[in-house]
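Student: Attaching a single structure in structure tokens format; questions to follow.
There are 2 protein chains.
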Amino acid sequence: MKSVKNITIAGAGLVGSLMSIYLAKRGYKVTIFEGRKDIRAAGKAEGRSINLALSNRGWLPLKEVGLESTVEKMVIPMRGRMMHDEEGFLTFQPYGREGQAINSISRGGLNEVLMNAAEKEGVEIKFECKCVGINFDESILHYENAGTRYSQKSDLIIGADGAFSVIRRLMQRTDRFNYSQHYIEHGYKELSIPPSANGGFEIEKNALHIWPRGNFMLIALPNQDGSFTCTLFFPFEGSPSFESLKNDDQIRNFFQKTFPDAYNLMPSLLKDFHNNPTSSLITIKSYPWVKNRTLLIGDASHAIVPFYGQGMNSGFEDCRVLNDLLNDYEDDWSKVLPKFQEQRKPDADAISDLALKNFIEMRDLVGDEDFLLRKKIEAKIYEQFPQKWVPLYSMVTFKEDIRYSEAMKTGEKQKAIMDKVMAQTDIHKNWEKLDLKKLVDQLQS
Amino acid sequence: MKSVKNITIAGAGLVGSLMSIYLAKRGYKVTIFEGRKDIRAAGKAEGRSINLALSNRGWLPLKEVGLESTVEKMVIPMRGRMMHDEEGFLTFQPYGREGQAINSISRGGLNEVLMNAAEKEGVEIKFECKCVGINFDESILHYENAGTRYSQKSDLIIGADGAFSVIRRLMQRTDRFNYSQHYIEHGYKELSIPPSANGGFEIEKNALHIWPRGNFMLIALPNQDGSFTCTLFFPFEGSPSFESLKNDDQIRNFFQKTFPDAYNLMPSLLKDFHNNPTSSLITIKSYPWVKNRTLLIGDASHAIVPFYGQGMNSGFEDCRVLNDLLNDYEDDWSKVLPKFQEQRKPDADAISDLALKNFIEMRDLVGDEDFLLRKKIEAKIYEQFPQKWVPLYSMVTFKEDIRYSEAMKTGEKQKAIMDKVMAQTDIHKNWEKLDLKKLVDQLQS
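Protein sequence lines, in the order shown, are assigned to chains A and B. In this text, residue positions in the first sequence follow UniProt numbering: the first is 1, and each later residue adds one. In this text, residue positions in the second sequence follow UniProt numbering: the first is 1, and each later residue adds one.
Written as structure tokens, this is what we have:
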């Protein structure tokens with residue numbers, strides 16, 4: 001492959017912007033084509049997910065490109081799950097060990113920081129330039145701006161244009177491209193809890209709040225202004241569902257009965273419910289991610305459901321892994337590109353499956369007694385054998401040195417061991433007498 | 001749903017043409033838009049699969065529309081598999097009971113018969129009209145002819161435009177449409193065995209010939225002119241593979257060594273190998289198949305690999321099932337459309353999975369001793385209990401009254417029973433002493 005100097009990136013979202021910083025720092029001339037307007041000029045980010053949970057796999061790349069201290073000021077640490085039951089009683093489950101937390105951050109705010117940093121590194125971001133075609137043989141991107149069509153030839157094209165990627169759609173028409181898109185039966189709608197009268201937080205600030213209700217759930221993440229962004233994950237059809245809540249009375253009654261404490265904190269419930277869209281939730285898998293000199297990264301190649309809080313984090317990890325490979329192979333892209341997709345695909349598949357499974361855990365199991373005991377036992381093992389038994393959630397969220405695929409495999413082994421433990425008679429009485437060392441040895445064997 | 005009078009079909013292939021006949025016979029005004037030229041005018045069908053295996057699920061609809069006697073004259077019955085080993089020794093395995101056969105037929109010839117019959121029923125087929133867009137709300141199909149764009153509004157649109165369906169691709173962009181396309185690691189190339197000097201068949205006429213070679217295979221189906229169309233199913237990469245056969249010597253040596261008896265009957269091997277494309281093999285799944293008043297059928301909604309010989313047969317069955325539902329619901333499409341997709345989807349998924357699995361059986365197991373004994377025992381059970389134990393292949397191929405999904409489920413039960421039988425010590429010695437009645441009872445339980 002002839003040497004790469006000029007790189008075109010499609011998409012100035014979180015992943016495209018971060019990738020451009022890595023590449024500019026390596027000395028590449030990077031141009032990003034973004035279909036939307038500059039969100040910084042508009043003053044407010046477009047898009048529907050208002051805040052996200054940043055965890056270790058996302059932090060590491062931000063550190064590597066020197067943005068740690070900037071981003072640190074923007075986050076609210078969430079140290080565990082705060083569960084709200086139907087009477088409004090609360091239970092707190094810490095996510096990890098002392099000090100470990102995931103971090104609520106504004107998607108728009110983080111995107112602005114990344115774009116500013118990219119431009120500071122010499123990256124050119126061309127807004128309102130919509131990708132409309134690609135010549136894979138010649139690495140030419142065709143795009144439209146204000147109704148006129150232009151072309152950009154470069155040495156490499158990176159498609160970081162999200163779950164509905166145009167680059168991927170064009171790749172999909174080439175031979176032997178595997179692809180799947182799958183929607184779950186649930187949609188989501190964003191709602192809001194405003195700050196208290198004195199500008200404070202109405203509910204615990206440093207937690208991810210969950211109202212688990214079996215087949216569905218409400219969650220809330222804190223914002224720096226004291227508000228919470230709530231998301232209702234809810235079936236499209238059935239009872240109850242988005243379809244079954246037909247008028248204001250039904251919406252009000254449903255919330256009052258189902259989420260009483262949240263309901264009292266949502267003065268704009270009806271307005272939000274009507275004005276905010278009901279969005280669908282998609283899992284996308286694709287392979288290969290490389291076609292000649294065009295590469296897909298982030299949601300463009302592997303979009304996942306949000307239930308592990310790993311969408312952005314896995315996309316950022318893509319950038320870090322690609323940068324690591326450029327180090328390992330001294331920027332020989334002919335080696336880096338095949339290596340990247342081979343290495344990264346099993347990890348993308350793993351987090352995709354884990355994210356789907358975690359929906360069940362969040363909405364249904366977090367209130368289940370057996371599940372809580374299981375978590376308690378695992379936490380105790382982790383405490384006594386921190387090097388030998390890291391719970392699955394911790395591996396995914398806090399152990400950026402463990403690959404997703406490895407975490408999933410270890411998690412399956414842990415589950416098999418814990419299934420047997422939980423099947424013991426009177427385990428709820430006798431769990432403190434368990435021989436934890438023996439369980440740990442089983443995992444190592 | 002307001003009453004349906006005018007129906008637009010995209011695609012005048014096998015399934016679109018057959019569907020149009022059913023609908024015209026019911027009194028609908030049907031127009032087909034076909035992107036390609038009229039194959040009848042060209043004198044020769046385009047497309048790569050030259051002959052196909054017509055079996056019971058395909059016959060029944062042809063009977064229903066009155067084409068049985070016409071098509072009967074065009075087929076060559078294949079009563080079983082003729083296996084060719086590496087020394088050229090032959091083994092014959094009948095497909096079913098006395099008289100049961102699958103039928104080799106020319107794709108182009110059958111398509112012509114169907115188009116002629118459709119036009120006779122008053123269907124209008126517009127050739128060289130390529131679908132380019134669709135308005136799902138208004139049931140308007142946009143198409144291009146000779147560079148000019150036109151629109152056709154109708155009461156219902158049926159996408160029968162094949163595995164690379166434009167209608168499905170447009171549907172795919174609408175919300176909550178599940179879709180997957182998956183390519184296997186093997187491709188195929190068509191080759192040919194010409195008729196003998198006196199115009200006869202060089203190898204057994206009434207058989208489907210297989211040269212099973214573990215990871216790959218060659219097959220041959222007879223044509224009425226005495227020739228055979230051969231298909232090499234072969235990995236794209238690896239050793240051996242399409243990639244590894246780099247020059248004439250390598251191709252020749254490989255065939256001579258691997259398929260010696262076939263090689264001697266293939267004077268145009270090198271020419272065919274170079275001139276015929278290496279094509280890929282795709283499985284496509286999608287759902288829903290209905291969007292407002294647009295419906296997908298055949299390969300457009302469920303394309304499968306060819307290893308069960310059921311691609312065309314399942315597409316024809318789609319047409320029959322849809323027609324049956326129109327009978328059941330007296331042409332109330334508002335009931336027929338949802339019913340059709342709900343009922344038919346599990347059957348499409350089943351034959352899709354069965355087709356993938358049968359590749360392994362065909363290329364690898366047909367020469368395996370355990371597999372052959374298993375088949376022998378099952379054949380004996382079938383002979384003694386023809387109502388109670390029909391082997392999977394026979395259910396799929398010869399029992400058009402058993403749904404694919406039902407056949408698959410029964411097949412799984414049979415497999416579990418037979419796995420235990422085959423695990424018995426000395427089964428190769430003792431199989432004739434088996435209590436077959438007991439096995440049949442296990443299946444019924």
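Glycine included, each C-beta is placed from N, C-alpha and C at the ideal position.
1) So which residues of chain A does residue 308 (chain B) contact, with C-beta pairs closer than 8 Å?
2) With a Cβ-Cβ cutoff of 7 Å, do residue 254 (chain A) and residue 245 (chain A) count as a contact?
3) Given a cut-off of 7 Å, decide if residue 229 (chain A) and residue 525 (chain A) are closer than it, judged by their beta-carbon atoms.
4) Please work out which residues of its chain come closer than 7 Å, Cβ to Cβ, to residue 347 (chain B), disregarding the five sequence neighbours upstream and downstream, and give them in chain order.
5) Quick one, which of A:353, A:17, A:277 has its alpha-carbon nearest residue 309 (chain A)'s?
6) For residue 177 (chain B), collect the residues of the same chain with a Cβ closer than 6 Å to its Cβ; drop the 5 residues on either side in sequence, then sort them by chain order.
7) Can you round the beta-carbon distance between residue 139 (chain A) and residue 151 (chain A) to whole angstroms, since I take them to be within the 8 Å contact cut?
8) Could you check which residue in B:317, B:378, B:101 has the C-alpha nearest to that of residue 63 (chain B)?
9) Which of the three DSSP states is assigned to residue 285 (chain B) in this structure?
10) Taking only runs that begin and end inside the segment 292-328 of chain A, name each unbroken alpha helix (DSSP H) of 4 or more residues, in chain order.
11) Output needed for residue 392 (chain A): all residues of its chain with C-beta closer than 6 Å, excluding positions within five of it in sequence on either side, in chain order.
12) Considering only the alpha carbon of each residue, which of B:387, B:196, B:58 lies closest to residue 315 (chain B)?
13) From residue 436 (chain A) to residue 385 (chain A), what does the alpha carbon distance come to, in whole angstroms?
14) Please confirm if residue 182 (chain B) has its CB atom under 7 Å from at least one CB of chain A.
15) With distances taken from CA atoms, which of B:280, B:113, B:207, B:224 is nearest residue 190 (chain B)?
16) Can you look up residue 392 (chain B) in the DSSP assignment and give me helix, strand or coil?
17) If we call anything under 7 Å between Cβ atoms a contact, is residue 186 (chain A) one with residue 233 (chain A)?
18) Could you check the C-alpha separation between residue 327 (chain A) and residue 224 (chain A) for me, to the nearest Å?
19) Examine chain B for any beta-carbon lying closer than 7 Å to the beta-carbon of residue 287 (chain A), and answer yes or no.
20) What residues of chain A sit near residue 280 (chain B), judged by a beta carbon separation below 8 Å?
21) So residue 74 (chain A) and residue 109 (chain A) are supposed to be a Cβ contact under 8 Å. How far apart are they, rounded?
22) What residue range does the alpha helix (DSSP H) around residue 371 (chain B) cover?
23) For residue 188 (chain A), does the three-state DSSP call read helix, strand or coil?
24) Could you compute how far the alpha carbon of residue 197 (chain A) sits from the alpha carbon of residue 208 (chain A)?
25) Determine which residues of the segment 12-26 of chain A have a Cβ less than 9 Å from any Cβ of chain B, and write them out in chain order.
26) Interface residues of chain A around residue 188 (chain B) at Cβ under 7 Å?
27) In its own chain, which residues sit with a C-beta less than 7 Å from the C-beta of residue 422 (chain B), not counting the 5 before and 5 after it?
28) Would residue 179 (chain B) count as contacting chain A if we go by Cβ distances under 7 Å?
29) Less than 7 Å between C-beta atoms, sequence neighbours within five positions excluded: which residues of the same chain meet that for residue 87 (chain A)?
30) Quick one, which of B:118, B:340, B:142, B:119 has its alpha-carbon nearest residue 129 (chain B)'s?
31) So that I know if they touch, is there some Cβ in chain A lying closer than 7 Å to that of residue 10 (chain B)?
32) If you draw a straight line from the alpha carbon of residue 283 (chain A) to that of residue 34 (chain A), how long is it in whole angstroms?
33) Roughly how many angstroms separate the alpha carbons of residue 11 (chain B) and residue 127 (chain B), rounded to a whole number?
34) Is the Cβ-Cβ distance between residue 413 (chain B) and residue 443 (chain B) less than 7 Å?
35) On the premise that residue 343 (chain B) lies in contact with residue 366 (chain B), defined as a C-beta separation below 8 Å, what is that separation, rounded to the nearest angstrom?
36) Taking the straight line between their C-alpha atoms, what separation do you get for residue 441 (chain A) and residue 389 (chain A)?
Tutor: From the atom records:
1) Here residue 308 (chain B) corresponds to residue number 308 of the second sequence, with the count starting at 1. The premise fails here: residue 308 (chain B) is roughly 21 Å from chain A at the closest Cβ pair, so nothing lies under 8 Å.
2) In the first sequence, the residue the question calls residue 254 (chain A) occupies position 254. In the first sequence, the residue the question calls residue 245 (chain A) occupies position 245. Contact: yes.
3) Here chain A has residues from 1 to 445 only, and residue 525 (chain A) is not among them.
4) Reading the second sequence from its first residue, position 347 is the one you call residue 347 (chain B). The residues are 403, 404, 405.
5) Within the first sequence, residue 309 (chain A) is the residue found at index 309, counting from 1. Of the candidates A:353, A:17, A:277, the one whose C-alpha sits nearest the C-alpha of residue 309 (chain A) is A:353.
6) As a working mapping, residue 177 (chain B) is identified with position 177 in the second sequence. The residues are 171.
7) Within the first sequence, residue 139 (chain A) is the residue found at index 139, counting from 1. Within the first sequence, residue 151 (chain A) is the residue found at index 151, counting from 1. About 11 Å separates the two Cβ atoms, so there is no contact after all.
8) To locate residue 63 (chain B), count along the second sequence from 1; it is residue 63. If we check each option's Cα against that of residue 63 (chain B), B:317 comes out closest.
9) If you number the second sequence from 1, residue 285 (chain B) lands on position 285. Looking at residue 285 (chain B) - three-state DSSP - the assignment turns out to be strand.
10) Here the runs fully enclosed are 311-328.
11) As a first step, residue 392 (chain A) is located in the first sequence; it is residue number 392 there, counting from the start. So the list reads 411, once near-sequence residues are dropped.
12) By one-based count along the second sequence, residue 315 (chain B) stands at place 315. Comparing Cα positions, the closest option is B:58.
13) Against the first sequence, residue 436 (chain A) aligns to sequence position 436. Against the first sequence, residue 385 (chain A) aligns to sequence position 385. Going by the C-alpha atoms only, they are around 9 Å apart.
14) As a first step, residue 182 (chain B) is located in the second sequence; it is residue number 182 there, counting from the start. At least one beta carbon of chain A lies nearer than 7 Å to the beta carbon of residue 182 (chain B).
15) If you number the second sequence from 1, residue 190 (chain B) lands on position 190. Of the listed residues, the one whose Cα sits closest to residue 190 (chain B) is B:280.
16) Your numbering for residue 392 (chain B) matches position 392 in the second sequence. Helix, per DSSP.
17) Within the first sequence, numbered from 1, the residue matching residue 186 (chain A) stands at position 186. Within the first sequence, numbered from 1, the residue matching residue 233 (chain A) stands at position 233. With a cutoff of 7 Å on beta-carbon distance, residue 186 (chain A) and residue 233 (chain A) are scored as near each other.
18) In the first sequence, residue 327 (chain A) corresponds to position 327, counting from 1. In the first sequence, residue 224 (chain A) corresponds to position 224, counting from 1. If you draw a straight line from the Cα of residue 327 (chain A) to the Cα of residue 224 (chain A), it is about 37 Å long.
19) In the first sequence, the residue the question calls residue 287 (chain A) occupies position 287. Under the Cβ distance rule, residue 287 (chain A) does not count among the residues neighbouring chain B, no pair being separated by less than 7 Å.
20) The residue labelled residue 280 (chain B) in the question sits at position 280 within the second sequence. Those within 8 Å of residue 280 (chain B) in chain A are 175, 176.
21) For the purposes of this step, residue 74 (chain A) is taken as residue 74 along the first sequence, with counting starting at 1. For the purposes of this step, residue 109 (chain A) is taken as residue 109 along the first sequence, with counting starting at 1. That pair is a contact at about 6 Å.
22) Within the second sequence, the letter at position 371 stands for residue 371 (chain B). Residues 369-384.
23) Counting from one through the first sequence, the residue named residue 188 (chain A) turns up at place 188. Strand.
24) For the purposes of this step, residue 197 (chain A) is taken as the residue at position 197 of the first sequence. For the purposes of this step, residue 208 (chain A) is taken as the residue at position 208 of the first sequence. Near 22 Å, if we compare the C-alpha coordinates of residue 208 (chain A) and residue 197 (chain A).
25) Along the segment 12-26 of chain A, there is no position whose C-beta sits under 9 Å from a C-beta of chain B.
26) Stepping through the second sequence from its first residue, residue 188 (chain B) is reached at position 188. Ordered by position in chain A, no residue passes the 7 Å Cβ test against residue 188 (chain B), which lies about 13 Å from the chain.
27) Taking the second sequence and counting its residues from 1, the one referred to as residue 422 (chain B) is at position 422. If we look at residue 422 (chain B) and ignore the five residues flanking it on each side, its Cβ neighbours are 370, 374.
28) On the second sequence, position 179 is the one that residue 179 (chain B) refers to. Residue 179 (chain B) counts as touching chain A.
29) The residue given as residue 87 (chain A) occupies position 87 in the first sequence. Answer for residue 87 (chain A): no residue qualifies.
30) Stepping through the second sequence from its first residue, residue 129 (chain B) is reached at position 129. Out of B:118, B:340, B:142, B:119, B:142 has the C-alpha closest to the C-alpha of residue 129 (chain B).
31) In the second sequence, counting from the first residue as 1, residue 10 (chain B) sits at position 10. Residue 10 (chain B) has a beta carbon lying at 7 Å or more from every beta carbon in chain A.
32) Taking the first residue of the first sequence as position 1, residue 283 (chain A) is located at position 283. Taking the first residue of the first sequence as position 1, residue 34 (chain A) is located at position 34. Between residue 283 (chain A) and residue 34 (chain A), the alpha-carbon positions lie close to 23 Å from each other.
33) Sequence index remark: in the second sequence, residue 11 (chain B) carries index 11 (1-based). Sequence index remark: in the second sequence, residue 127 (chain B) carries index 127 (1-based). Residue 127 (chain B) has its alpha-carbon roughly 9 Å from the corresponding atom of residue 11 (chain B).
34) Your numbering for residue 413 (chain B) matches position 413 in the second sequence. Your numbering for residue 443 (chain B) matches position 443 in the second sequence. In this structure, residue 443 (chain B) lies closer than 7 Å to residue 413 (chain B) by Cβ.
35) Here residue 366 (chain B) is taken as the residue at index 366 of the second sequence, counted from 1. Here residue 343 (chain B) is taken as the residue at index 343 of the second sequence, counted from 1. Contact doesn't hold; Cβ gap of about 33 Å is too wide.
36) Counting from one through the first sequence, the residue named residue 441 (chain A) turns up at place 441. Counting from one through the first sequence, the residue named residue 389 (chain A) turns up at place 389. When the Cα atoms are used, residue 441 (chain A) and residue 389 (chain A) turn out to be separated by approximately 10 Å.
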